[in-house]
Amino acid sequence: MNKFAAKTLSIDVIRTSLHPTVVYLNRQIILLLSSLGIGDQIFLSLQDDMLKMLQALEGNFLEACETLKKLNNFDKNGYHGFLIAYLKHLREQRDPFVRQLTRVIRTSLIKDLRRKAKIFVPNSWSLLGVVDESRTLNYGEVFIQIDSSNEQRDESTGEIFRGPVVVTRNPCFHPGDIRKLTAVDVPALHSLKNVIVFPMNGSRPHPAEMSGGDLDGDTFWISRHPDLIFKENEEPFDYQDQDYEANKMQTINDVQHTIEDVCNFFGEYIAVDNLGLIANSHLALSDQLEDGVRNKKCLQLAKMHSVAVDFAKKGINAPHLTKELRPPQYPHFMEKNDKPTYHSKYILGQLYDKTPSYNSDIHINEEEEIRATSSFPYKSFLIAGYKNHIKDARVIK
């Protein structure tokens, strides 16, 4: 594939699949799964489990460490990784900074739980999508091998999935964007780990069925949680028409663009970008219309969103959001306090009501309480001869 005429022959690796990444439910996935027959109690139970995990963050160091590992999984970067290493090696939770950091992490997760329905799902991962070059997989089949070890030296350390799995790609708004596929074992693919392998065979690529995805670096949401496996797939939305329009526009405008053209397009993008408005309208209408995400208005908004999300890349902007597609009122869980609202009785409203309110600030009295109950200095930190350097340390500090 020769995309650009360039002298450089170097290849840059943007990301790898060394470690699998945990995934969470969100409002769009919950709406689609609910429309496919997954009961409300399943989501409420998953949320209760996560709230118990968050409560464990303020327990002993072993509970806190295990909870952070589950929620952040194998990501070694950021404050989660620092806190895991700190608790694992020093086993010290009385440090004021560590206690404040733990509270901030817990508050942030509760905030996302309440405002985004970001619920942790066991046995679920975010994986890069690749194609089956062996041409072994049939349509409807995938190959998945998860390896959470630190060293992937051989093929014996991975766990190969067998059976039904739920696969989708964010953002997802159409009922057909979420698919039930069958994971199978293919010996020829055992060298591939922490990716989802899609078949070459079939009338249509599976990635294209999920929000118009492809295999140029897209990640996919995968779950084999038994309570989230639905019965039958919906007919996927045909995203090929949009690709055809984009290719036609590219052919018409196949000229050398200047920096002025780039500036003009950037201004146009800012002026007509309505991605957020479309997403909010879809969320509100799917909660209050009888057919939910299957309603004609919601299906139209799903199509508009798929156009708008690729506007910056393809240059095709979504149609204007008409009055008929704007919700007359908003469910309370969207927190649109400046708009007409109603109390939603459906699953997203139930999840919102059962999530405790959050407060991201650490108040002065909480800081004093943390410091008063903290023990200092910590014996784990003391090194022989430290008293000889206390004076210099105070000056440097």
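What the sequence shown shows, in my numbering, is residues 92 to 488, in sequence order. Even glycine gets a Cβ: it sits at the ideal position worked out from N, Cα and C. Quick caveat: nothing in here was measured; it's all calculated off a predicted structure.
Membership of arginine 205 in the alpha helix (DSSP H) is indicated by the continuous run 187-207. About 6 Å separates the Cβ atoms of leucine 145 and isoleucine 201, confirming a contact at the 8 Å cut-off. The residues Leu272, Thr273, Ala274, Val275 and Pro290, in chain order, have a CB closer than 8 Å to that of glutamate 232 in the same chain once the five nearest residues on each side in sequence are set aside.
Scanning Val286, Asp223, Glu325 and Asp103 for the CA closest to the CA of tryptophan 312 turns up Val286. Of the candidates Pro262, Phe234 and Asp238, the residue whose Cα lies closest to the Cα of valine 256 is Phe234. Taking the Cα positions, lysine 388 is about 8 Å away from leucine 376.
In this structure, the alpha-carbon of proline 317 lies about 49 Å from that of alanine 97. Rounded to the nearest whole angstrom, the C-alpha separation of proline 410 and threonine 99 is 40 Å. Between histidine 396 and alanine 208, the alpha-carbon positions lie close to 20 Å from each other. Taking 8 Å as the cut-off, the beta carbon of leucine 123 is found closer than this to the beta carbon of aspartate 268. Classified as buried, serine 314 has 16 or more neighbouring CB atoms from the shown chains inside 10 Å of its CB. Taking C-beta separations shorter than 6 Å and ignoring five residues to either side along the sequence, the partners of leucine 380 in its chain run Asn386, following chain order.
Exposed is the label assigned to valine 104, since fewer than 16 other Cβ atoms lie within 10 Å of its Cβ.
Here threonine 432 really is in contact with tyrosine 421; their C-beta atoms are around 5 Å apart, less than 8 Å. By alpha-carbon distance to glutamate 325, the top candidate from Val195, Leu135 and His265 is His265. Of Leu306, Asn292, Pro278 and Cys156, the smallest CA-CA separation from leucine 218 is found for Leu306.
Isoleucine 175 sits in a helix when the DSSP states are folded into three classes.
In this structure, the CA atom of alanine 176 is about 11 Å from the CA atom of phenylalanine 152. Contact check for leucine 192 against cysteine 156 fails: the beta carbons are separated by 8 Å or more. The Cβ neighbour count for histidine 297, taken over all protein chains shown within 10 Å, is at least 16; the residue is labelled buried.
By the beta-carbon neighbour count (other beta carbons within 10 angstroms, threshold 16), glycine 367 is exposed. Residue environment: isoleucine 196 is assigned as buried (16 or more neighbouring CB atoms within 10 Å of its CB, all protein chains considered).
For proline 255, there is no enclosing alpha helix (DSSP H); the residue is part of the beta strand (DSSP E) that begins and ends at 254-259. The C-beta distance from leucine 392 to phenylalanine 134 rounds to 22 Å, too long to fall under 8 Å, and the pair is not in contact.
Looking at Asn292, Val288, Leu137 and His423, the one whose alpha-carbon comes closest to that of asparagine 371 is His423.
Valine 398 carries a helical assignment under DSSP once its states are collapsed to helix, strand and coil. For the 8 Å CB-CB criterion, valine 277 and threonine 227 form a contact. DSSP places serine 108 outside both helix and strand once states are collapsed to three, so it counts as coil.
Leucine 148 carries a coil assignment under DSSP once its states are collapsed to helix, strand and coil. Look at asparagine 324 here: in three-state DSSP terms it is coil, with no helix or strand label. In terms of Cβ geometry, leucine 148 and valine 113 do not form a close pair [threshold 8 Å].
For proline 213, no alpha helix (DSSP H) segment is defined; the enclosing uninterrupted segment is the beta strand (DSSP E) at 210-222. With fewer than 16 other Cβ atoms from the protein chains shown falling within 10 Å of its own Cβ, threonine 107 counts as exposed. For serine 372, the uninterrupted alpha helix (DSSP H) segment begins and ends at 366-379. For leucine 228, the secondary structure class from DSSP, reduced to helix, strand or coil, is coil.
Counting every other CB atom within 10 Å of its CB across the protein chains shown gives proline 327 a total of 16 or more, marking it as buried.
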